[in-house]
């Protein structure tokens, strides 16, 4: 039972690793529809619209007019589960556990004078919704999860001259998580349920530098800080066998969990080939290696169970990861610009710790997009991305002899629509 609760309680943090499917680990890429079209290859150097508040705060210095940018990305994921086996035997493996979902974003930038600009951003840097079918064969290792982080970022930028500008923005981050999984001590009794909820608000910051190296070459570097959370909530256990030892069928413990979302560094280059063609290249390093282990502390646990549930630690041993992207845009005419991009994104997980909550591997993403400007004040952006992951294997086992082995192969379609209005 200790191992069952270990896998379940810790999942409030670990489950964020499977996140929205267009970025590895905790991160979500969907912060700009125009950037989505180029596979985010020029995220820290393009500064095409107000979404640069996130991509590179220094990019606000390139925006000469007050403007607002908003949009939403829709994600449709598919998972094929094969070669599945479990103990006890039985259970389904449909794989349809990620519902059709959306990721909203909104940004505002106002130039103050020839040097200063001010901006605001609201976006979702991390998020997850997974919901396996009732009777899922791996239900003891995860059945349903929902995690979301919403970030608010006020930002300023300063332009030293026509070459160098800098930007800085503190981030206010709100995390909420809910987790459910099945619980079984003996096959003779029906499954119980474990539900965990927690939340916290924490601070971080983003800082960036933008360099117009030549008339046709622009370099961008952005640092997104780590954010330290201490989630507080409760662990609810509904299981009839607890009543047999005088503890009651329903238990509720106060829970706390420390977790850190990692820092990342994004570097990109925007190169103008001529008046119509731009090419982009970028790379992002994320320090996942700081996620070595997770410790959950439960208070209010009865003395009989304190040794099992009072404090639980599990090793994760994630590794740092890199993402690489290349892209291009073509100015078809005054009204239309066409975009495309290709991204390779490493997964930070490993073969030992992978579970139904983290069934991800390295992924390749192909993107296309377009921008339509019917007037000088308005631009409407659309984008489409197709993701294909390498197939991965998982193997889970707990102290009660329950196991789940399977091969996962994930793919996804992403659709984005947004608009920028200039005042």
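Residue numbers (mature numbering (1 follows the signal peptide of the UniProt record, and there is no 0)): -23 to -1, 1 to 400.
A virtual CB, placed ideally from N, CA and C, is assigned to each residue, including glycine.
Item, Value
"I'd like the span of the beta strand (DSSP E) that includes residue 149, first residue to last.", "141 to 160"
"Measuring only the C-alpha atoms, how far is residue 98 from residue 127?", "10 Å"
"Would you be able to state if there are at least three C-beta pairs under 8 Å between the segment 130 to 141 and the segment 170 to 180?", "no"
"Does the beta-carbon distance from residue 54 to residue 389 come in below 7 Å?", "yes"
"Contact check, residue 8 vs residue 100 under 8 Å by CB: the rounded distance?", "5 Å"
"In this structure, does DSSP put residue 360 in helix, strand or coil?", "strand"
"Applying the criterion that 16 or more other CB atoms from any shown protein chain within 10 Å of the CB defines a buried residue, is residue 265 buried or exposed?", "buried"
"I need the DSSP call for residue 118, collapsed to helix, strand or coil.", "helix"
"For the candidate residues 120, 123, 183 and 179, whose alpha-carbon lies nearest to that of residue 145?", "183"
"Can you give me the start and stop residues for the beta strand (DSSP E) that residue 242 sits inside?", "241 to 249"
"Under a three-way DSSP split, which group does residue -3 fall into?", "Below a pLDDT of 50, predicted positions are generally treated as unreliable, and residue -3, at 47, falls in that range; the measurement from the model is reported next regardless. Coil at residue -3, not helix or strand."
"State buried or exposed for residue -3, treating a residue as buried only when at least 16 other CB atoms are found within 10 Å of its CB.", "Because the pLDDT of residue -3 is 47, which lies under 50, any placement of that residue in the model is unreliable, and the number read from its coordinates should be weighed accordingly. The residue is buried, with at least 16 neighbouring Cβ atoms inside 10 Å."
"Quick check on the DSSP output: what are the complete alpha helix (DSSP H) runs of length 4 or more inside the segment 16 to 99, in order along the chain?", "29 to 32"
"Looking only at its chain, what residues have a beta carbon closer than 6 Å to the beta carbon of residue 195, apart from the 5 residues adjacent to it on each side?", "22, 189 and 247"
"Starting from residue 14, trace the beta strand (DSSP E) in both directions and tell me its first and last residue.", "Counting along the chain, residue 14 falls outside any beta strand (DSSP E), though it belongs to the alpha helix (DSSP H) covering 10 to 14."
"Residue 106: buried (16+ other C-beta within 10 angstroms of its C-beta) or exposed?", "buried"
"Taking the beta carbon of residue 10 as the centre, do at least 16 other beta carbons fall within 10 Å, making it buried, or is it exposed?", "buried"
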